[in-house]
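Below: one structure, written as structure tokens.
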Amino acid sequence: MAQVYISLGSNVNKEANVANGLNALHHAYGELILSSLYECQAVGFVGDSFFNMVIGIQTAQSISETSKKLREIEFQFGRPNNAQKLSSRTLDLDILLFDDIVLAEPVQLPRHEILTNAFVLCPLAEIAGNLIHPEKQQRFNDLWQAFDKDSQQIEKVPFTWEPLTGEVKL
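Using numbering that gives the first Met the number 0, read the sequence shown as starting at 0 and increasing by one per residue.
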């Protein structure tokens with residue numbers, strides 16, 4: 000079984016789509032490791048603020064199969080086929096880490112955004128802080144401590160998620 004970390008983001012009907020994403024991931028992969036939920040401004044474009052978090056799963060699927068499953072979940076909850084990279088999202092699911100694999104295709108691993116976006120690095124460090132970045136050879140906790148936190152503001156949003164009911168409570 001591979002240990003996989005996935006970023007989840009939404010800035011369209013955020014509460015419902017965070018719940019939808021968590022429910023779909025739980026249905027597909029079982030037990031989830033959840034970071035806190037964070038709110039931050041859109042990065043790279045003008046748009047509503049995002050809810051972001053990182054989820055840990057275990058899977059026997061390949062990287063390609065996992066990536067395909069995440070795209071299916073995104074489409075299931077309203078992501079258009081032609082969605083532009085820097086735009087509003089109903090649901091955005093990206094593989095950040097797949098064990099300690101480093102590669103460029105079919106997805107970039109480790110995902111570059113880990114090092115550039117507070118809304119990815121902070122929640123990843125929260126749930127996998129002692130893991131080592133496969134390229135930087137530094138713990139995620141150490142990378143987060145060194146991150147310029149003034150460059151991107153994120154705020155923790157209190158929430159609970161009940162996998163049996165599928166409800167997110169803010």
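We put the CB at the ideal spot given by N, CA and C, even for glycine.
Residue i in three-state terms, based on DSSP
i: residue 20; result: helix
i: residue 119; result: helix
i: residue 2; result: strand
i: residue 98; result: coil
i: residue 64; result: helix
i: residue 7; result: strand
i: residue 92; result: strand
i: residue 69; result: helix
i: residue 130; result: coil
Beta strand (DSSP E) segment containing residue i, residue limits
i: residue 31; result: First-last for residue 31: undefined, no H or E at that position.
i: residue 56; result: 49 to 58
i: residue 38; result: 36 to 39
i: residue 161; result: 159 to 161
Expected contact under 8 angstroms - CB spacing of residue i and residue j to nearest Å
i: residue 9; j: residue 88; result: 6 angstroms
i: residue 49; j: residue 59; result: The Cβ separation is near 31 angstroms, so there is no contact.
Segment limits, alpha helix (DSSP H) that includes residue i
i: residue 152; result: From DSSP, residue 152 is part of no alpha helix (DSSP H); its letter is neither H nor E.
i: residue 142; result: 139 to 145
Three-pair Cβ contact test at 8 angstroms for the segment 114 to 132 versus the segment 142 to 151 = In short, these stretches touch, since the Cβ pair count reaches three.
Three CB pairs or more closer than 8 angstroms across the segment 3 to 19 and the segment 93 to 105 | Cβ pair count under 8 angstroms is three or more, so yes.
Contact between the segment 26 to 42 and the segment 52 to 72 (3+ Cβ pairs under 8 angstroms) = yes
Stretch-stretch touch, CB-based, cutoff 8 angstroms, three pairs: the segment 62 to 73 with the segment 151 to 165 | No contact exists between the segment 62 to 73 and the segment 151 to 165.
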